[in-house]
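With numbering that gives the first Met the number 0 as the guide, the letters of the sequence shown map in order to residues 0 to 360. Beta carbons: idealized from backbone N, C-alpha and C, even for Gly. Take a look at the structure below.
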Amino acid sequence: MQQMQIQVHLRRLQSKSQRIPQRRLLSRRPRMHIIKGSGKPMTKQKTVKIFKAYDDISDILRRAVKEAQLRGKKRIFVKPNLSHPEYVPGVVTSPTLAYELVGLLRDNAAEVIVGESDGFNYPCRVAFKKTGMEAAVKKAGGAIINLSEDKIVKVKLQTDGGHLKELFLPKTVLDADAVVDLALMKTHEWAMYSGAIKNLFGCIPSNKRIYLHPYINEVFYQLYRILRPQLTVMDARVAIEGNGPTKGTPVKMNLMLTSNCALAIDLVVSKIMGLNLEEVEYLNYIAEKENLQAEAINVQGLQIAEAARRFKRPKIDLPVKAQAMIYKHELLTKVFFCSLGFVKLLQKATTAYRGKTASAG
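In structure tokens:
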């Protein structure tokens with residue numbers, strides 16, 4: 000019954016029309032392949048802008064793209080959030096928003112590529128088609144790529160005695176002149192919060208990503224350092240609270256945020272959601288590494304207090320505890336996630352357990 004109510008609520012939140020007009024395409028210029036550096040710290044002031052979603056979203060995006068100084072770039076990579084194979088507001092990036100953003104980027108760059116990797120139990124190509132993302136991106140003049148099928152580059156890391164020595168990242172992402180992070184506002188069952196930096200985790204192919212969970216704090220930090228999104232856009236018109244990122248409850252926040260720093264926007268958004276930094280272990284880790292506090296961020300538009308709403312935390316039930324325990328150990332992660340069939344069996348057991356406990360409650 001609860002699941003049915005959520006689905007009805009989600010359908011009401013969906014826009015009445017997903018019709019996407021055709022954009023005029025610019026002429027293609029020759030591609031230039033540039034390998035990113037090691038992610039030098041940004042020295043300019045970190046700014047986060049918070050808008051009400053009833054403001055002109057096209058104008059918000061236009062100003063954000065201009066301020067990000069993306070004109071003249073050869074290739075821009077855009078990372079959406081396709082954490083579900085079908086479009087669900089707040090769970091999956093809106094294809095209409097992607098259309099608007101890709102169109103603006105395409106007016107500034109020779110090539111715009113939107114990429115995602117396979118989910119552990121569904122192929123990325125299905126998500127691109129069923130969410131409407133593929134059609135939206137192509138009509139805006141962009142291209143799509145399944146990062147799980149891209150050429151992989153081994154990136155050696157300079158860490159302070161940590162266990163993580165290297166990451167395997169798609170060449171398309173590393174070759175981009177700029178990265179744009181198109182994120183969402185969610186709680187997360189085992190990470191507590193999912194926003195801009197966690198969205199970058201989806202750049203890593205699924206067959207390599209799942210085994211990185213024991214080192215997740217360092218993985219997220221290195222992704223932030225290496226990719227350094229030049230622009231982050233967070234669509235928080237609908238957010239997710241409770242047992243996100245895909246099974247939580249939708250919340251109408253009616254917000255749109257933009258920033259020149261993925262870490263800054265995550266620190267601001269976590270405060271909007273009423274989360275303590277200590278609750279979000281990976282975010283606390285990265286903030287300490289970068290020596291950045293929310294109070295040092297230039298917040299424009301709405302202030303945090305004006306946008307704030309305390310989000311319900313994930314229910315830490317037996318399946319969540321078990322998953323967190325497994326993810327802490329490399330051997331257990333490899334054993335439990337070695338086959339898709341076994342994962343599906345675990346998912347069925349989790350669904351049955353939660354259904355039983357919900358009925359008992």
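| Asked | Found |
| --- | --- |
| Can you find a CB in chain D that lies within less than 7 Å of the CB of residue 181? | No chain D is present in this structure, which holds just one protein chain. |
| Around the C-beta of residue 70, are 16 or more other C-beta atoms found within 10 angstroms, so that it is buried, or is it exposed? | exposed |
| Quick one: what does DSSP say residue 90 is sitting in, helix, strand or coil? | coil |
| Under 7 Å between the Cβ atoms of residue 129 and residue 84? | yes |
| Between the C-alpha atoms of residue 37 and residue 97, what's the straight-line distance to the nearest angstrom? | Caution applies to residue 37, whose pLDDT of 39 falls short of 50 and renders its modelled position unreliable; the model cannot decide the point. |
| For residue 191, list the residues DSSP reports as bridge partners. | 187 |
| Could you spell out the range, first to last residue, of the beta strand (DSSP E) harbouring residue 167? | 165-169 |
| In whole angstroms, what is the alpha-carbon distance linking residue 248 and residue 109? | 39 Å |
| Straight-line CA distance for residue 220 to residue 281? | 8 Å |
| Compute the beta-carbon to beta-carbon distance between residue 201 and residue 116, rounded to the nearest angstrom, for a pair I have assumed lies under 8 Å. | 6 Å |
| With 16 as the cutoff for other CB atoms within 10 Å, does residue 135 come out buried or exposed? | buried |
| Among the residues of its own chain, which have a CB less than 6 Å from the CB of residue 322, if the five just before and after it don't count? | 189 |
| On the three-state DSSP scale, how would you describe residue 216? | helix |
| How is the beta strand (DSSP E) around residue 74 delimited, first residue to last? | 74-78 |
| Starting from residue 110, follow the beta strand (DSSP E) in both directions and report where the run begins and ends. | 110-115 |
| If you follow the beta strand (DSSP E) that residue 134 is in, where does it begin and where does it stop? | Taken as a continuous stretch (DSSP letters only), residue 134 belongs to no beta strand (DSSP E), being part of the alpha helix (DSSP H) at 132-138. |
| Which one of 302, 309 and 308 has the shortest CA to CA distance from residue 46? | 302 |
| For residue 217, count the other beta carbons within 10 Å of its own beta carbon; 16 or more makes it buried, fewer makes it exposed. Which is it? | buried |
| How long is the line joining the alpha carbons of residue 312 and residue 191, rounded to whole angstroms? | 7 Å |
| Within the chosen definition, does the region 228-242 reach the region 165-172 through at least 3 CB pairs nearer than 8 Å? | no |
| Is it the case that the Cβ atoms of residue 195 and residue 245 are separated by a distance below 7 Å? | no |
| Do you know how far the Cα of residue 277 is from the Cα of residue 283? | 6 Å |
| Would you mind working out which of 154, 52 and 308 sits nearest residue 225, comparing C-alpha positions? | 154 |
| Ignore the nearest five residues each way along the sequence and tell me which others in residue 333's own chain have a CB closer than 7 Å to its CB. | 210 |
| Comparing alpha-carbon positions, which option in 44, 51, 347 and 257 lies nearest residue 179? | 257 |
| So residue 249 is in the beta strand (DSSP E); what residue range does that whole segment cover? | 248-258 |
| May I ask which residues mark the beginning and end of the alpha helix (DSSP H) holding residue 332? | 329-335 |
| Which first and last residues belong to the beta strand (DSSP E) in which residue 236 is found? | 230-240 |
| May I ask you to report which of helix, strand or coil DSSP gives residue 315? | coil |
| Rounded to a whole number of angstroms, what is the C-alpha to C-alpha distance between residue 198 and residue 56? | 21 Å |
| So, helix, strand or coil for residue 107, using DSSP? | coil |
| I'd like the list of long-range same chain contacts for residue 187, defined as Cβ closer than 8 Å, with 5 residues on each side in sequence excluded. | 193, 197, 243, 244 and 313 |
| Find the nearest neighbour of residue 274 within the set 125, 291, 309 and 289, judged by alpha-carbon distance. | 309 |
| Quick one: what does DSSP say residue 302 is sitting in, helix, strand or coil? | coil |
| Out of 118, 203, 291 and 229, point me to the one whose CA is closest to residue 181's CA. | 229 |
| Could you please give me the residues that DSSP links to residue 180 through a beta bridge? | 78 and 231 |
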